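Everything below concerns the one structure shown next.
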Ligand code: SF4
Ligand code: SF4
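Residue numbers (the working numbering), protein chains in the order written: chain C, 68 to 460; chain L, 4 to 445.
This is the structure:
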């Protein structure tokens, strides 16, 4: 590799990351005039998983609503949501009430927890012109018939979206969207492979920014961006440093602030994580032939990841964490939870008890998307990292 | 009256719903205490979305962990259980019912009402997301076999689903498929064959209970209201849950209805002078419920209705929700799908249900009780309150405490708010101190 090529790739990556960074820091959604070609509106969806292909195929740009970050000023939501509700629900409500999300065609939430389900009611009371729904993804995927039920639920949603967009049922369009998302799935798998195999080439923060960019752009554009980024990452020649390998869990719904991820990157290699797991929920390609709704529904049951907000008798949460540690050859885990997130907090405790029995070191961190001070957390992580290096030496 | 000699021939006046309710509860706990020794099958279930009818057909003894937790509050020992769980590592920010239950596990199932048996099955549902995380604790820690029942709720505002329409049939089919699997699981655990006739018998009894229950609720539409939905109602709903589908449950509800009808005929209300009819939205604060009710009743305010009586009974408060015992399993699925939806709608699209309930019970105001640790009832409450106050022009009050954690009860602050609410109600042209509402007849 000559130095010119190295220089160019680094610039390329910086450009891509700048673009992603801008997308991540901006809670706004594209207005009607800014919509990319081929899209007639936007469909907001709350974490964790949403079958974006369905919205994409009817010309609605799927936008993942990920809260308001740590710069948002709360003017309305404080009076409409108890102080004991997690930040992502409160800031999402704020974005709804302050007009930031007023151009959405619809907003879909899921039965991941009770706070999230309440968003549909809040939306229907305050933004009645939008299509506000709960997509009832099942909490039992083990009973035969689950895929059939999910398919019916997807079909219902698709019909509602088609009515809104005046489009007619088009299986071929949905298959085309599935193909585009399959490319995305492959690219993301490659990104995470590099994280596991050569973590010095791409940090957790960079990987997160790359992934998060999909929340504000069409998947085809994201594919192009990811391809460019992956090429640049492969060509990077950064030296491996003496940092412990850790996995990061607890970022499945509310998003930790970027500064927190940066603080962890400083002293650890985060070789795997569950950040934005919903955007990569389907861990294999979705069949591109046959009934596309069935393909998506069946994939939800048979080719999906795990998270603290999904009960699946085949996937214990302990196995999920242990498999993540093993696959990424991690030395330790950072177990996080968003403040006031009941499922996250319950899981954090259960995971910590399990790691105690397995003698695997871990660090417990609680975060809020609205956090602005990170010094103390950075020190905790640094101390943890040093203790790991000492133990591993 | 003697509470030990209840008999069907007892007169409506003799019947003491509270004492009888307590007796039935005590008996139930006594039964549970010996369940493991008797090798009885035991199931942990929640009050919403629980398939109790199937479990009863297999003779499971039922443990209601929520009721165990609330009982620690009623018996004023909840703090001890909650602190134990926090010492173990549970976050202060999670449901206090779960924490009291973890405290119970740490105390090796020693509950103030008696020893709680080890369960051979747990049935959780998605009605409250915490149910699932809670059941996962037993699943992981105690290795309790767990079944999660997925019950689809209302998808959007204005969602109209009627029995038999396409959406309802699709949801019911999904619920039935899950029941089939639960039945197989129960057969494995108990070693018994499923008996459809027995299911029909349980359903017949539930039908009767629900009929009485609906009549009981309707009696409180009359003014003055014969019972306080948030005090007397809590005893009633306890029996609705614990004795759902038993002979004792039917008999209790029958006598209760008669007792309340007689009260109404006499023109007797829960409070001597009913001045304000109120709707309570949310969950009780079991440690201080008497005190809370007292704060309202001294002003002549009675809780004529509470949505708690709907969702905490799993939504079984509509006469159309009757089991067709000629096809027990299909009907169970149909009714469960519909009842679950009603229960869920009470929370997630609360404004729609409340608007109806405000009319049905002709209330003067709505009291919202926010609970830090229960996001199921509380997350959308402030926004719902805003809607009810501004769009429906119904006066509202918001108070905050906890279900069973006494550390969140602030007497002076709550009293101030309650007093200010009544003063505002009076100023609005509501009942003056001397006025009380006219008695209606049955
Ligand atoms: S952060 Fe936790 S509590 Fe909040 S919406 Fe997500 S899963 Fe629910
Ligand atoms: S969160 Fe609320 S409804 Fe759910 S288990 Fe706790 S108290 Fe019950």
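Where is the CB? At the ideal position from N, CA and C, for every residue including glycine.
Keep in mind it's a predicted model, so treat the numbers as computed, not measured.
* Is the beta carbon of residue 359 of chain C sitting closer than 7 Å to the one on residue 223 of chain C? -> By 1-based counting over the first chain, the position of residue 359 of chain C is 292. By 1-based counting over the first chain, the position of residue 223 of chain C is 156. Against a cut-off of 7 Å, the Cβ pair of residue 223 of chain C and residue 359 of chain C comes out as no contact.
* Who does residue 130 of chain C pair with in a DSSP beta bridge? -> Taking the first chain and counting its residues from 1, the one referred to as residue 130 of chain C is at position 63. Answer by DSSP bridge pairing, in chain order: C:111.
* residue 287 of chain L: which of L:409, L:368, L:399, L:160 sits nearest, CA to CA? -> In the second chain, counting from the first residue as 1, residue 287 of chain L sits at position 284. Ranking the options by Cα distance to residue 287 of chain L, first place goes to L:409.
* **Within 7 Å of chain C by C-beta, residues of the region 80-102 of chain L in sequence order** => Those would be 92, 93, 94, 96, 97, 98, in chain order.
* To do: Would you decide whether residue 111 of chain L is buried or exposed? Buried here means 16 or more other CB atoms lie within 10 Å of its CB.
  => Against the second chain, residue 111 of chain L aligns to sequence position 108. Exposed.
* **Rounded C-alpha distance that separates residue 133 of chain L from residue 182 of chain C** => To locate residue 133 of chain L, count along the second chain from 1; it is residue 130. To locate residue 182 of chain C, count along the first chain from 1; it is residue 115. So the alpha carbons of these two residues sit roughly 11 Å apart.
* What residue does the alpha helix (DSSP H) around residue 222 of chain C start on, and which one ends it? -> For the purposes of this step, residue 222 of chain C is taken as residue 155 along the first chain, with counting starting at 1. Per DSSP, residue 222 of chain C belongs to the alpha helix (DSSP H) from 213-232.
* CB contact below 7 Å: residue 129 of chain L versus chain C -> Here residue 129 of chain L is taken as the residue at index 126 of the second chain, counted from 1. Chain C contact via Cβ: present.
* So what does DSSP say about residue 432 of chain C, is it helix, strand or coil? -> By 1-based counting over the first chain, the position of residue 432 of chain C is 365. Of the three classes helix, strand and coil, the one that applies to residue 432 of chain C here is strand, per DSSP.
* Measuring from the CB of residue 133 of chain L, is there a heavy atom of ligand 2 at a distance below 6 Å? -> Residue 133 of chain L sits at position 130 when you count from the first residue of the second chain. Because some heavy atom of ligand 2 lies under 6 Å away, the Cβ of residue 133 of chain L counts as near it: yes.
* Quick one, what's near ligand 1 if you take every residue whose CB is closer than 6 Å to any heavy atom, in chain order? -> C:153, C:155, C:156, C:179, C:180, C:182, C:183, C:320, C:321, C:376, C:405, C:408, C:409, C:410, C:411
* Taking buried to mean at least 16 other C-beta atoms within 10 Å of its own C-beta, is residue 186 of chain L buried or exposed? -> As a first step, residue 186 of chain L must be located in the second chain, where it is residue number 183. By the neighbour-count rule (16 or more Cβ atoms within 10 Å), residue 186 of chain L is buried.
* Entirely enclosed beta strand (DSSP E) segments - the region 124-172 of chain C, minimum 3 residues -> 127-131
* Compare the C-beta of residue 33 of chain L against all C-beta atoms of chain C and say whether one is closer than 7 Å. => The residue given as residue 33 of chain L occupies position 30 in the second chain. Cβ-Cβ to chain C under 7 Å: no for residue 33 of chain L.
* Do you know how far the Cα of residue 310 of chain C is from the Cα of residue 456 of chain C? -> The residue labelled residue 456 of chain C in the question sits at position 389 within the first chain. The residue labelled residue 310 of chain C in the question sits at position 243 within the first chain. Spanning the alpha carbons of residue 456 of chain C and residue 310 of chain C requires a straight line of approximately 7 Å.
* Confirm, please, whether the CB-CB distance from residue 210 of chain C to residue 180 of chain L is below 7 Å. => Along the second chain, read from residue 1 onward, the residue named residue 180 of chain L stands at position 177. Along the first chain, read from residue 1 onward, the residue named residue 210 of chain C stands at position 143. A contact, by the Cβ cut-off of 7 Å.
* To do: Using the Cα positions of residue 255 of chain C and residue 330 of chain C, report the straight-line distance between them to the nearest angstrom.
  => In the first chain, the residue the question calls residue 255 of chain C occupies position 188. In the first chain, the residue the question calls residue 330 of chain C occupies position 263. Spanning the two alpha carbons is a distance of roughly 23 Å.
* Comparing the C-beta of residue 162 of chain L with each C-beta of chain C, is any distance below 7 Å? -> As a first step, residue 162 of chain L must be located in the second chain, where it is residue number 159. Under the Cβ distance rule, residue 162 of chain L does not count among the residues neighbouring chain C, no pair being separated by less than 7 Å.
* What residues of chain L sit near residue 216 of chain C, judged by a beta carbon separation below 9 Å? -> On the first chain, position 149 is the one that residue 216 of chain C refers to. By Cβ distance, chain L contributes 153, 155, 173, 174, 176, 177, 180.
* To the nearest whole angstrom, what separates the beta carbons of residue 174 of chain C and residue 345 of chain C, a pair I think is in contact under 8 Å? -> For this step, residue 174 of chain C is matched to residue 107 along the first chain. For this step, residue 345 of chain C is matched to residue 278 along the first chain. Between residue 345 of chain C and residue 174 of chain C the Cβ distance is about 15 Å, and since that is not below 8 Å, they are no contact.
* Asked: Within 7 Å (strictly less), CB to CB, does residue 148 of chain C reach chain L?
  -> The residue you call residue 148 of chain C lines up with position 81 of the first chain. Interface residue (Cβ-Cβ distance to chain L less than 7 Å): residue 148 of chain C is classified as such.
* **Candidates C:153, C:157, C:149, C:131, of which the one nearest residue 141 of chain C by Cα** => Mapped onto the first chain, residue 141 of chain C falls at position 74. Of the listed residues, the one whose Cα sits closest to residue 141 of chain C is C:157.
* Roughly how many whole angstroms lie between the Cα atoms of residue 173 of chain L and residue 184 of chain L? -> For the purposes of this step, residue 173 of chain L is taken as the residue at position 170 of the second chain. For the purposes of this step, residue 184 of chain L is taken as the residue at position 181 of the second chain. Counting only the Cα atoms, residue 184 of chain L lies some 17 Å from residue 173 of chain L.
* **Under 8 Å from the C-beta of residue 200 of chain C: neighbouring residues of chain L** => Position 133 of the first chain, counted from the first residue, corresponds to residue 200 of chain C. Within 8 Å Cβ-Cβ: 158, 159.
* **Counterpart residues of residue 285 of chain L in DSSP-defined beta bridges** => To locate residue 285 of chain L, count along the second chain from 1; it is residue 282. Beta-bridge pairing links residue 285 of chain L to L:372.
* Relative to ligand 2, is the shortest distance from any of its heavy atoms to the C-beta of residue 151 of chain C smaller than 6 Å? -> Within the first chain, residue 151 of chain C is the residue found at index 84, counting from 1. It does not: the Cβ of residue 151 of chain C is nowhere closer than 6 Å to a heavy atom of ligand 2.
* Asked: Which residues bound the beta strand (DSSP E) around residue 340 of chain C?
  -> Within the first chain, the letter at position 273 stands for residue 340 of chain C. Per DSSP, residue 340 of chain C belongs to the beta strand (DSSP E) from 336-340.
* Asked: Taking 6 Å as the cut-off, does the CB of residue 32 of chain L come closer than this to any heavy atom belonging to ligand 2?
  -> One-based indexing of the second chain puts residue 32 of chain L at position 29. No, the Cβ of residue 32 of chain L stays beyond 6 Å of every heavy atom of ligand 2.
* **Helix, strand or coil at residue 68 of chain C according to DSSP, with G and I counted as helix** => As a working note, residue 68 of chain C is residue 1 in the first chain. The predicted model places residue 68 of chain C with a pLDDT of 45, which falls under 50 and marks its position as unreliable; any figure quoted below should be read in that light. Secondary structure of residue 68 of chain C (DSSP, three-state): coil.
* To do: Starting from the N-terminal side, write out each stretch of the beta strand (DSSP E) that is 3 residues or longer and does not extend beyond the region 265-327 of chain C.
  => 312-316
* Just curious, the beta strand (DSSP E) that residue 402 of chain C is in, first and last residue? -> As a first step, residue 402 of chain C must be located in the first chain, where it is residue number 335. Segment 399-405, the beta strand (DSSP E) holding residue 402 of chain C.
* Asked: Between which two residues does the beta strand (DSSP E) harbouring residue 399 of chain L extend?
  -> As a first step, residue 399 of chain L must be located in the second chain, where it is residue number 396. 399-404 is the extent of the beta strand (DSSP E) around residue 399 of chain L.
* Through-space distance from residue 259 of chain C to residue 336 of chain L, alpha-carbon basis -> Walking along the second chain from the start, residue 336 of chain L turns up at place 333. Walking along the first chain from the start, residue 259 of chain C turns up at place 192. Each residue's alpha carbon lies about 43 Å from the other.
* Closest to residue 95 of chain L by CA distance: which of L:130, L:228, L:375, L:197 is it? -> Stepping through the second chain from its first residue, residue 95 of chain L is reached at position 92. With distances taken between Cα atoms, residue 95 of chain L lies closest to L:375.
* From the beta carbon of residue 385 of chain L, is the nearest beta carbon of chain C less than 7 Å away? -> Taking the first residue of the second chain as 1, we reach residue 385 of chain L at position 382. Interface residue, yes.
* Asked: Tell me the DSSP bridge mates of residue 46 of chain L?
  -> Along the second chain, read from residue 1 onward, the residue named residue 46 of chain L stands at position 43. Bridge partners of residue 46 of chain L: L:65, L:124.
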